[in-house]
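In terms of my numbering, the sequence shown is residues 410 to 613.
Backbone N, C-alpha and C define an ideal beta-carbon position, used for all residues, glycine too.
Just so it is clear, the structure is predicted and the values come from calculations on it, not from any experiment.
What follows is a single structure, written as structure tokens, with notes after it.
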Amino acid sequence: MLYKAVKISPKYSKSDWDTLNLIHGSKDWNTAVDIFEDRMYGRFFNQIKILENNKDREVGKFAGFAIIALDCLIIETLQQFYNGQKETSGHHSIAFHNFFQKSNDFRAFFTSKRKSYIFYSHIRCGILHQAQTKKKSLIHIRKEPILAWANNNDIEEGILIQRHLFHQEILSVFSNYCNELRNPINTKLRTNFKSKMDYITSQL
410 MLYKAVKISP
420 KYSKSDWDTL
430 NLIHGSKDWN
440 TAVDIFEDRM
450 YGRFFNQIKI
460 LENNKDREVG
470 KFAGFAIIAL
480 DCLIIETLQQ
490 FYNGQKETSG
500 HHSIAFHNFF
510 QKSNDFRAFF
520 TSKRKSYIFY
530 SHIRCGILHQ
540 AQTKKKSLIH
550 IRKEPILAWA
560 NNNDIEEGIL
570 IQRHLFHQEI
580 LSVFSNYCNE
590 LRNPINTKLR
600 TNFKSKMDYI
610 TSQL
């Protein structure tokens, strides 16, 4: 009973994952992706929705840092699943750059590893380590493009992020990833995904 009670998502337990037969062609793959979606929504996406849709609009107005902090966790988590990694290894900014290449909007803006590094340094590390963005970097909800440079002549000054559009694009990348996992042709993607989930459940 104790084993059954170990939850890996709101609806599923460790035993639900452990009993899956994830061989090629198995219908259990759909359940595996269901578990993953439930885990990601339970931990991240639903929490962001609560912040954004809070009846107290002052909560939603000033939730930008919390939302982008969660988005950064989502980026690192998803990239680990893509690669089948236990944790992000090497230069963490490279993981962000590789993730950004999975979205047309992100890829069009982050055209170099240096540009991705500015996001990583100013936004991810700024929020998680210093509780503030760096230099002129800014998180906002104005009706502006998803991403822009604070100074087009000097990108080192910072990056401007429209937090709602940014989060929606991450949600789109996540949705595409789940759809790819449901397609049996993506064997490498499935192998890496299973490796990551097996590692997670082995730690419980």
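- Straight through space, the alpha carbons of F515 and T497 are spaced by roughly 20 Å.
- In this structure, the CA atom of I564 is about 38 Å from the CA atom of K603.
- Straight-line spacing of the CA atoms in F575 and S424 works out to 35 Å.
- Note on geometry: alpha-carbon atoms of Q489 and R572 lie some 23 Å from one another.
- The region 518-536 makes contact with the region 498-508: 3 or more CB pairs, one atom from each, lie closer than 8 Å.
- Assignment of L556 by DSSP, reduced to helix, strand and coil, places it in the strand class.
- Non-local C-beta neighbours of K511 in its own chain, meaning closer than 6 Å and more than five positions away in sequence, comprise V582, ordered along the chain.
- Contact check for F453 and I483: beta-carbon distance about 5 Å, within the 8 Å limit, so the pair qualifies.
- Looking only at E578, K470, Q577, I555, the smallest Cα-Cα distance to L569 is reached by I555.
- Contact between E461 and G451 does not hold, since their C-beta atoms are separated by about 16 Å, which reaches or exceeds 8 Å.
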